[in-house]
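Colleague: Residue numbers (mature numbering (1 follows the signal peptide of the UniProt record, and there is no 0)): -27 to -1, 1 to 230.
Note that the Cβ used here is the ideal one computed from N, Cα and C, for glycine as well.
Can you read through this structure? Questions will come right after.
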């Protein structure tokens, strides 16, 4: 037999739905409730909540859990639909670690994001400790004009000197405390051993624009909510800041299948 609390919770949730919490008002109207009946339902809800206020907490938790489950299902579907793009690096992608590693970690990052900056040494440690992983870097400038400028500079560096130049410019930009402008980018390019004139030209060119556009489109396709976002073998996602142990645990999880 249901407990008293269970009956109260069921009554409260039923009454709330009938009255339109979350959109049920139209259902109540369609059902033809009288004003007296509607007032009786309100009284049921009030009495239940006064008797056990935790009912509301439980109801909210249930709704939140349902929303999270729906979001997880949506994410799984998005990863599956974009599996090829997430497991096969593009020619313009920079790769940390073993280029032929058995586990692919895609990092979507913004060079101005403080959490993306914080994780840089952890990524270096990750590929040092695990020789069968590759971290595919996909830069997505989501934090405004300064992010776009920095992203253009990093991608343009790869056109000038390949992945080595990419990572030199990435470090220069992401460890710099000065907000980037055109003049500052030239200084950082020189410090990274690059030709600043060519970098400036390439930054405004179609190749850089295409790379950033493709990265952004993929990020949107998998419903990326912020940076950094890590995708493991197109099967598991860590959104937001992650510690080294989090990254290693996620890799172990996908390897177990």
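I need the straight-line Cα distance from residue 110 to residue 26, nearest angstrom please.
Modeller: Here residue 110 corresponds to residue number 137 of the chain shown, with the count starting at 1. Here residue 26 corresponds to residue number 53 of the chain shown, with the count starting at 1. In a straight line, the C-alpha of residue 110 is about 48 Å away from that of residue 26.
Colleague: Would residue 81 pass as a contact of residue 113 if the rule is Cβ separation under 8 Å?
Modeller: Position 108 of the chain shown, counted from the start, is the residue given in the question as residue 81. Position 140 of the chain shown, counted from the start, is the residue given in the question as residue 113. Yes, Cβ-Cβ distance for residue 81 and residue 113 is below 8 Å.
Colleague: Please name the residue in 93, 153, 105 whose C-alpha comes closest to that of residue 118.
Modeller: As a first step, residue 118 is located in the chain shown; it is residue number 145 there, counting from the start. Of 93, 153, 105, the residue nearest in Cα terms is 153.
Colleague: Going by other Cβ atoms of all chains shown within 10 Å of its Cβ, with 16 needed for buried, is residue 213 buried or exposed?
Modeller: For the purposes of this step, residue 213 is identified with residue 240 of the chain shown, where counting begins at 1. Its Cβ having fewer than 16 others within 10 Å, residue 213 is exposed.
Colleague: Starting from the C-beta of residue 66, find all residues in its chain whose C-beta is less than 6 Å away, skip the five residues before and the five after it, and write them out in chain order.
Modeller: Taking the chain shown and counting its residues from 1, the one referred to as residue 66 is at position 93. The residues are 109.
Colleague: Could you tell me the distance, in whole angstroms, from the CA atom of residue 133 to the CA atom of residue 176?
Modeller: Taking the chain shown and counting its residues from 1, one reaches residue 133 at position 160. Taking the chain shown and counting its residues from 1, one reaches residue 176 at position 203. So the alpha carbons of these two residues sit roughly 11 Å apart.
Colleague: Go through its chain and collect everything with a Cβ distance to residue 221's Cβ below 8 Å, but skip five positions before and after it.
Modeller: Along the chain shown, read from residue 1 onward, the residue named residue 221 stands at position 248. Within the same chain, residue 221 has close Cβ partners 99, 102, 103.
Colleague: Sorted by chain position, which residues of the same chain lie with C-beta nearer than 6 Å to residue 122's C-beta, five sequence neighbours on each side aside?
Modeller: By one-based count along the chain shown, residue 122 stands at place 149. Excluding positions up to five away in sequence, the list reads 153.
Colleague: Please state if the CB of residue 204 and the CB of residue 52 are separated by a distance shorter than 8 Å.
Modeller: Your numbering for residue 52 matches position 79 in the chain shown. Your numbering for residue 204 matches position 231 in the chain shown. For residue 52 and residue 204, yes; Cβs fall inside 8 Å.
Colleague: If contact is defined by three or more beta carbon pairs under 8 Å, each pair taking one atom from either stretch, is the region 138 to 151 in contact with the region 9 to 29?
Modeller: Touching, no, given that fewer than three Cβ pairs across the two stretches are closer than 8 Å.
Colleague: Ends of the beta strand (DSSP E) at residue 107?
Modeller: Residue 107 sits at position 134 when you count from the first residue of the chain shown. Here the beta strand (DSSP E) through residue 107 covers 106 to 112.
Colleague: Looking at the structure shown, is residue 198 part of a helix, part of a strand, or coil, going by DSSP?
Modeller: Counting from 1 along the chain shown, the entry for residue 198 is found at position 225. Three-state result, residue 198: coil.
Colleague: Could you tell me whether the Cβ atoms of residue 69 and residue 207 are closer together than 8 Å?
Modeller: Indexing the chain shown from 1 puts residue 69 at position 96. Indexing the chain shown from 1 puts residue 207 at position 234. No. Outside cutoff.
Colleague: So residue 224 and residue 106 are supposed to be a Cβ contact under 8 Å. How far apart are they, rounded?
Modeller: In the chain shown, residue 224 corresponds to position 251, counting from 1. In the chain shown, residue 106 corresponds to position 133, counting from 1. About 6 Å separates the two Cβ atoms, so the contact holds.
Colleague: Hey, quick one: how far does the alpha helix (DSSP H) through residue 135 stretch, first residue to last?
Modeller: Walking along the chain shown from the start, residue 135 turns up at place 162. Here the alpha helix (DSSP H) through residue 135 covers 118 to 147.
Colleague: Cα separation between residue 9 and residue 187?
Modeller: For the purposes of this step, residue 9 is taken as residue 36 along the chain shown, with counting starting at 1. For the purposes of this step, residue 187 is taken as residue 214 along the chain shown, with counting starting at 1. Going by the C-alpha atoms only, they are around 59 Å apart.
Colleague: Please determine, among 16, 56, 146, the residue with the shortest C-alpha to C-alpha distance to residue 195.
Modeller: As a working mapping, residue 195 is identified with position 222 in the chain shown. Taking only the C-alpha atoms, the option nearest residue 195 is 56.
Colleague: For residue 69, write down the residues that DSSP places opposite it in a beta bridge.
Modeller: Within the chain shown, residue 69 is the residue found at index 96, counting from 1. Residue 69 is bridged to 108.
Colleague: Does DSSP put residue 78 in a helix, a strand or coil?
Modeller: To locate residue 78, count along the chain shown from 1; it is residue 105. Strand.
Colleague: For the alpha helix (DSSP H) that contains residue 100, what are its first and last residues?
Modeller: On the chain shown, position 127 is the one that residue 100 refers to. First-last of the alpha helix (DSSP H) with residue 100: 87 to 102.
Colleague: Excluding the 5 residues preceding and the 5 following residue 95 in the sequence, name in chain order all residues of the same chain whose CB lies nearer than 6 Å to its CB.
Modeller: Here residue 95 refers to the residue found at position 122 of the chain shown. Correct list, in chain order: 217.
Colleague: Ignore the nearest five residues each way along the sequence and tell me which others in residue 115's own chain have a CB closer than 7 Å to its CB.
Modeller: One-based indexing of the chain shown puts residue 115 at position 142. Result list for residue 115: 83, 200, in chain order.
Colleague: Which residues mark the beginning and the end of the alpha helix (DSSP H) in which residue 210 is found?
Modeller: Taking the first residue of the chain shown as position 1, residue 210 is located at position 237. Unbroken run through residue 210 is the beta strand (DSSP E), 209 to 212; no alpha helix (DSSP H).
Colleague: Residues in the same chain with beta-carbon distance under 8 Å from residue 167, minus the five sequence neighbours each way, listed in chain order, please.
Modeller: The sequence position of residue 167 within the chain shown is 194, counting from 1. Cβ within range, chain order: 130, 133, 134, 138, 141, 142.
Colleague: What is the rounded straight-line gap between the Cα of residue 48 and the Cα of residue 210?
Modeller: Against the chain shown, residue 48 aligns to sequence position 75. Against the chain shown, residue 210 aligns to sequence position 237. Approximately 8 Å, taken between the alpha carbons.
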